[in-house]
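K.L.:
The structure under discussion is supplied below as structure tokens; questions concerning it will follow.
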Amino acid sequence: MWELTVLLLLVPSGGQAATLEKPILSLHPPWTTIFKGEKVTLRCDGYHPLLLEIRPISTLWYLGHLLLPSYKKSIEVHTPGVYRCQTRGAPVSDPIHLSVSNDWLILQVPYAAVFEGEPLVMRCRGWYDKIVYKLHYYHDGQPVRYFHSSANYTVPQARASDSGRYQCSGTMRIPVESAPMFSAKVAVTVQELFQAPVLRVMGRVEARGTAFGGVVLRCETRLHPQKRDTPLQFAFYKYSRPVRRYDWDAEYTVPEPEAEELESYWCEAATASRSVRKRSPWLQLPGRGSPLGLASTTAPVPGNQPLSFRKPPVSRWVPSVPSVPNVTAAGPPFPAGGAPTAGPPACAPPTPFQQTAGALKPDVALLLREMQLLQGLLSRVLLELETQAFPGHTVETPTSHSAVSPGTPETATVES
4 MWELTVLLLL VPSGGQAATL EKPILSLHPP WTTIFKGEKV TLRCDGYHPL
54 LLEIRPISTL WYLGHLLLPS YKKSIEVHTP GVYRCQTRGA PVSDPIHLSV
104 SNDWLILQVP YAAVFEGEPL VMRCRGWYDK IVYKLHYYHD GQPVRYFHSS
154 ANYTVPQARA SDSGRYQCSG TMRIPVESAP MFSAKVAVTV QELFQAPVLR
204 VMGRVEARGT AFGGVVLRCE TRLHPQKRDT PLQFAFYKYS RPVRRYDWDA
254 EYTVPEPEAE ELESYWCEAA TASRSVRKRS PWLQLPGRGS PLGLASTTAP
304 VPGNQPLSFR KPPVSRWVPS VPSVPNVTAA GPPFPAGGAP TAGPPACAPP
354 TPFQQTAGAL KPDVALLLRE MQLLQGLLSR VLLELETQAF PGHTVETPTS
404 HSAVSPGTPE TATVES
């Protein structure tokens, strides 16, 4: 007997078949390790086209490379291995690795990928749900949490640093309390929700009417393919000062007056709940007097060090100006921009020693004048002392009449 199969597919209005996404494989309960003899349910959710068949085949199941004899959307399994599913016309789903243990204690972790900002839940389970006492959880060999009896360990907002190998230990009453037992180590990886953003210059915006022109900056990042529908918000900063707080728009226009200065900008991308926030390297805009290019210059942030908000150094060249006018013995100063020709030594600028000697001449004259004033004052005091010691005896000194030396200014007289 001939087998008749009638297949009707929904085709988009464009006339070409749409590219189907791979189905999503889920596990219930959501733990990748079970005890021997237990069963779990696998469910395949994907695109199922409208079809009419004598023996309809909607879903294919694989254990490793072996095709399983089931075509339902969900199946129950108890065999360890790597499971995948496939719907008609779509790629194969991501795998789920199921482990079966014969130990007294197992550590159960979620089958699905855990992303940054999401809760990470794991539980230490005793043989057929026996209560575990003196329960310890370990991360990379270090204890992270203790419970008196059975309890789940939860990281409210997972970070990349929470990735690693986890283990648990505890005792059970079988029937008396046993010695501490340890589970096998389980690897846990926290997936990156989105990449660290990069700040780029998109171009200039010309001033129109009352609206000012400026430079358009864009904060760019990329979400994980499984989380591409996650909404993100963006904020922009100039040094440590926010110039625009969180908003759904990934672009910001730097006002034209500020774009002409050498300044640093950086941006931050975050989820709506702020559970995940990531910063970009700062963007250095060209300084005053240089045209603004359309390519951005980003400075990488070294390792886990915090961002530096110090203003970048600006190199300025200041032409040296001689302290003595550049003149010749027989003519006026050289015009601006002109170059002197070969001439007498008088055209050469003075040496540092000559400049120092010239600056000291006024100081020496002032010092000599003060010494002369001091000399006259001392002579006057000496004269008064002698007059008091010898009354009626007059002592004449050259300084009693005048404290002026030939060729020097007169000194001030001091009254007794």
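Here the numbering used here = 1-based position in the sequence shown + 3.
Glycine included, each C-beta is placed from N, C-alpha and C at the ideal position.
Which residues in the same chain as V189 place their Cβ atom closer than 6 angstroms to its Cβ, once the five residues preceding and following it in sequence are excluded?
P.N.:
Contacts found: L110, V112, Y169.
K.L.:
Report yes or no: do three or more beta-carbon pairs, one from the stretch 151-163 and one from the stretch 86-106, lie closer than 8 angstroms?
P.N.:
Not touching, per the Cβ criterion.
K.L.:
Does G379 pass the burial test, meaning 16 or more other C-beta atoms within 10 Å, or should it be called exposed?
P.N.:
Counting Cβ neighbours within 10 Å, G379 comes out buried, since at least 16 surround it.
K.L.:
Three-state secondary structure (DSSP) at W285?
P.N.:
W285 falls in the coil class under three-state DSSP.
K.L.:
Could you pull the DSSP bridge partners for I134 from this structure?
P.N.:
Bridge partners of I134: none, in fact.
K.L.:
Using CA coordinates, which residue listed in I78, S181, Y86 is at the minimum distance from G129?
P.N.:
Considering only alpha carbons, the answer is S181.
K.L.:
Return helix, strand or coil for D252, following the three-state DSSP convention.
P.N.:
Note: D252 maps to coil in three-state DSSP.
K.L.:
Let me check understanding here. Comparing Cα to Cα, which of L381, C88, F38, L45 lies closest to S61?
P.N.:
Nearest C-alpha to S61: C88.
K.L.:
In three-state DSSP terms, what is C222?
P.N.:
The answer is strand: DSSP assigns C222 an E or B state.
K.L.:
Between Q229, P33, S283, which lies nearest to A253 when the distance is taken from Cα to Cα?
P.N.:
Closest option to A253, Cα to Cα, is S283.
K.L.:
Less than 8 angstroms between the beta carbons of V43 and V80, yes or no?
P.N.:
Cβ distance < 8 angstroms, so V43 and V80 count as in contact.
K.L.:
Over the uninterrupted beta strand (DSSP E) stretch that includes P146, give me the two end residues.
P.N.:
That run of the beta strand (DSSP E) goes 145-152.
K.L.:
Per DSSP, which one or two residues make a beta bridge with L79?
P.N.:
Checking the displayed sequence, the identity of residue 79 turns out to be Glu instead of Leu. Its beta-bridge partners are T44.
K.L.:
Rounded to whole angstroms, how far is the Cβ of L28 from the Cβ of C47, which I believe are closer than 8 angstroms?
P.N.:
With a Cβ gap of about 6 angstroms, L28 and C47 count as contacting.
K.L.:
If we ignore side chains and look at the alpha-carbon of each, how far apart do L63 and P33 end up?
P.N.:
Roughly 21 angstroms between the two C-alpha positions.
K.L.:
State the DSSP-derived secondary structure class of G379, mapped to helix, strand or coil.
P.N.:
It is helical.
K.L.:
Return the Cβ separation of Y131 and F38 in integer angstroms, given the expectation that the two are a contact with Cβ distance under 8 angstroms.
P.N.:
So it is a contact: roughly 6 angstroms between Cβ atoms.
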